[in-house]
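Residue numbers (our numbering), protein chains in the order written: chain Z, 32 to 319; chain C, 195 to 496.
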């Protein structure tokens, strides 16, 4: 729809057509988070190189695993669990995918980005400016969701690239199953996106500090449930409760197919949390 | 044609009061003043008009189209200045204005942006964090006017501006209205409302207590008269209730400051009994009328 108005003697054309997404906002937000994304991606990439660098050296690995065994099952579960066995090259490399520093970096992005873009802009007072233009609340929410999800997936791609580059840099005694690592990375990407969905939901409901606290608490609880179930067999029944249970490296490497059921659980969590967040964001009066 | 219309608009924040049953409309090309003390509901009304808040009941329409919460109804045709204009501190005004213009797909922005910046004496290339409060407010004004909107909703536009720029902003408002735009001007500065607005609404505790032409609001206020008595004579005592609608504001050794409503006839006849040196009357300002209006409303409630 076009409308015409006469302002200062000139006829101006106001195009009321609204594109599906506010591209300038999407570009602006992407550029804002890009430095943080690059830093996190670089660290994840370097961690994968470092882990492959350690794993390819048999003597060092043997010494390191003996040392880990001395530390006890809790520490072993914290670092990588049953995958940490000498000779299990793929398992040892995969431990780099769930290494605490890597998980912390993912957590930083998954929690920081949606809360900064939604709750952060509201608290800064700039959301009022964004919504005073031809931009709907739903479009703003979709933009935040896109930046988060695409950013998370891109981090997973960087992590996988780290493994690919490492296998070309170092010689391993066994062949590294890159296809299995790709499946693990895709599954991990869905997990990371689901965490992003939880953060979006929290950012749509609360102020920034509260949203960050809730998401971090959710992740920490899930992570420790995973550690406890690995360390303490009597607590195995808690396995389905933690989201980390749905990225099972061992199963992915053993079974030839894709872990469809695990991926569906994570996708459901992503869709439910994102849609619920969108509905709340749309219906809620923002504390502008 | 009505450019803005508010029908029985109510907004409550839980048990707290927001606005209650507001109804008014603004004709195309009109400059409409929106007055009220802090917390009276001005910003709530404006945010409902912008679709930023969901009304509890009632509705608003802009340029004939009903405002739906969160849907950015007609926002391409509205220029909006929030009461507290805050922007991303790392951006320059040029980049900020371009970003916001891009979100509205407006045409002829750049040229108009430069003209506004020149007129407001605004440097477009310093980062927002380096700008003073007044300069940030200038950026807000440039943002509201840059796409030559058909409707302008301005919440306290001259706050933090020096008198010279304030005058330029008032000129801009007048020129924009003359060019055909409709303006809703919310302000605490009553003199600026009197300077540019034809009509005004007065809001108190979320309710509309007056909606009238500015001249009528001014007339409704009390007038004041100052009387100097001849040296050496004592100032007469005017007892409360002795003259209807008249009250003593200040009494000195030989002067009396009196406020009155209605005609001055009874007061002059009472003064004729004494030795008066001279009399001065002061014109009632909108500010006086406004304060007195509030006193009257409070008295009525008591």
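Using N, Cα and C, we set each Cβ at its ideal position, and we do this for glycine too.
Neighbourhood of residue i by C-beta distance below 6 Å, restricted to the same chain and skipping five residues each side
i                     : result
residue 441 (chain C) : 453
residue 246 (chain Z) : 142, 229, 230 and 233
residue 220 (chain Z) : 184 and 187
residue 309 (chain Z) : 172
residue 76 (chain Z)  : 189 and 193
residue 120 (chain Z) : 203 and 205
Bridge partner(s) assigned by DSSP for residue i
i                     : result
residue 207 (chain C) : C:210
residue 228 (chain C) : C:380 and C:395
residue 217 (chain Z) : None; residue 217 (chain Z) has no bridge partner.
residue 168 (chain C) : Residue coverage of chain C in this structure runs from 195 to 496, which leaves residue 168 (chain C) outside it and unanswerable.
residue 342 (chain C) : The partner list for residue 342 (chain C) (beta bridge, DSSP) is empty, contrary to what the question assumes.
residue 441 (chain C) : C:453
residue 199 (chain C) : C:219 and C:255
residue 275 (chain C) : C:348
residue 402 (chain C) : C:397
residue 470 (chain C) : C:423
residue 407 (chain C) : C:393
residue 241 (chain C) : None; residue 241 (chain C) has no bridge partner.
residue 260 (chain C) : C:255
Same chain only: Cβ atoms within 8 Å of residue i, ignoring 5 sequence neighbours per side
i                     : result
residue 445 (chain C) : 429 and 451
residue 57 (chain Z)  : 174, 177 and 178
residue 80 (chain Z)  : 193, 196, 197 and 200
residue 367 (chain C) : 225, 346, 348, 351, 377, 379 and 390
residue 449 (chain C) : 420, 421, 422, 423 and 429
residue 355 (chain C) : 328, 331, 332 and 363
Classification of residue i by the beta-carbon crowding that lies within 10 angstroms, buried from 16 upward
i                     : result
residue 218 (chain Z) : buried
residue 386 (chain C) : buried
residue 249 (chain C) : buried
residue 213 (chain C) : buried
residue 195 (chain C) : exposed
residue 239 (chain Z) : buried
residue 329 (chain C) : buried
residue 285 (chain Z) : exposed
residue 443 (chain C) : exposed
residue 510 (chain C) : This structure cannot settle anything about residue 510 (chain C), because the visible part of chain C is limited to 195 through 496.
residue 129 (chain Z) : buried
residue 53 (chain Z)  : buried
residue 204 (chain Z) : exposed
residue 265 (chain Z) : exposed
residue 413 (chain C) : exposed
residue 227 (chain C) : buried
residue 281 (chain C) : buried
residue 91 (chain Z)  : exposed
residue 370 (chain C) : buried
residue 457 (chain C) : exposed
Own chain, CB closer than 7 Å to residue i, minus 5 neighbours either side, in chain order
i                     : result
residue 335 (chain C) : 275, 314, 351 and 363
residue 158 (chain Z) : 152, 317 and 319
residue 389 (chain C) : 364
residue 343 (chain C) : 271, 272, 273 and 375
residue 314 (chain Z) : none
residue 124 (chain Z) : 82, 83, 86, 194 and 207
residue 307 (chain Z) : 232
residue 311 (chain C) : 318 and 336
residue 471 (chain C) : 422, 423 and 424
residue 169 (chain Z) : 309 and 313
residue 476 (chain C) : 418
residue 136 (chain Z) : 71, 74 and 75
residue 144 (chain Z) : 64, 178, 179 and 182
residue 464 (chain C) : 437
Heavy atom of the ligand NAD within 7 Å of residue i beta-carbon
i                     : result
residue 386 (chain C) : Here there are no bound small molecules, and the ligand NAD is not part of this structure.
Along the segment 285-316 of chain Z, what residues have a CB closer than 8 Å to any CB found in chain C? 313, 314 and 316
Pairs of beta-carbons, one from the segment 221-232 of chain C and one from the segment 289-300 of chain Z, closer than 8 Å: are there three or more? no
What are the residues in the segment 272-284 of chain C lying within 7 Å of chain B by C-beta distance? No chain B appears in this structure, whose protein chains are Z and C.
For the 8 Å Cβ check, are there 3 or more pairs between the segment 182-193 of chain Z and the segment 71-81 of chain Z? Contact between the segment 182-193 of chain Z and the segment 71-81 of chain Z is present: 3 or more CB-CB pairs across the two stretches fall below 8 Å.
Is it the case that the segment 241-259 of chain Z contacts the segment 267-283 of chain Z, given that we only count it when at least three CB pairs across the two stretches are under 8 Å? yes
Counting pairs of beta carbons, one from the segment 314-331 of chain C and one from the segment 275-286 of chain C, are three or more of them closer than 8 Å? Flag = yes, the segment 314-331 of chain C and the segment 275-286 of chain C touch.
Pairs of beta-carbons, one from the segment 153-166 of chain Z and one from the segment 261-271 of chain C, closer than 8 Å: are there three or more? yes
Do the segment 234-242 of chain C and the segment 335-350 of chain C touch if we need at least three Cβ pairs shorter than 8 Å? yes
Using a Cβ-Cβ cut-off of less than 8 Å, list which residues of the segment 154-185 of chain Z approach chain C; keep chain order. 155, 156, 157, 159, 160, 161, 162, 163, 164, 165, 166, 167, 168 and 169
Positions along the segment 241-262 of chain C whose CB lies within less than 9 Å of some CB in chain Z: From the segment 241-262 of chain C, only 241, 244, 245, 246, 247, 248 and 257 have a Cβ closer than 9 Å to chain Z.
Pull out every residue of the segment 49-73 of chain Z whose Cβ sits closer than 7 Å to any Cβ of chain C, in chain order. 53, 55, 56 and 59
Proximal residues, the segment 326-359 of chain C versus chain Z, C-beta separation under 7 Å: Taking 7 Å as the Cβ-Cβ cut-off against chain Z, the residues of the segment 326-359 of chain C that qualify are 342 and 344.
Between the segment 185-208 of chain Z and chain C, which residues of the former have CB atoms less than 9 Å from a CB of the latter, in chain order? For chain C, none of the residues of the segment 185-208 of chain Z brings a beta carbon within less than 9 Å of one of its beta carbons.
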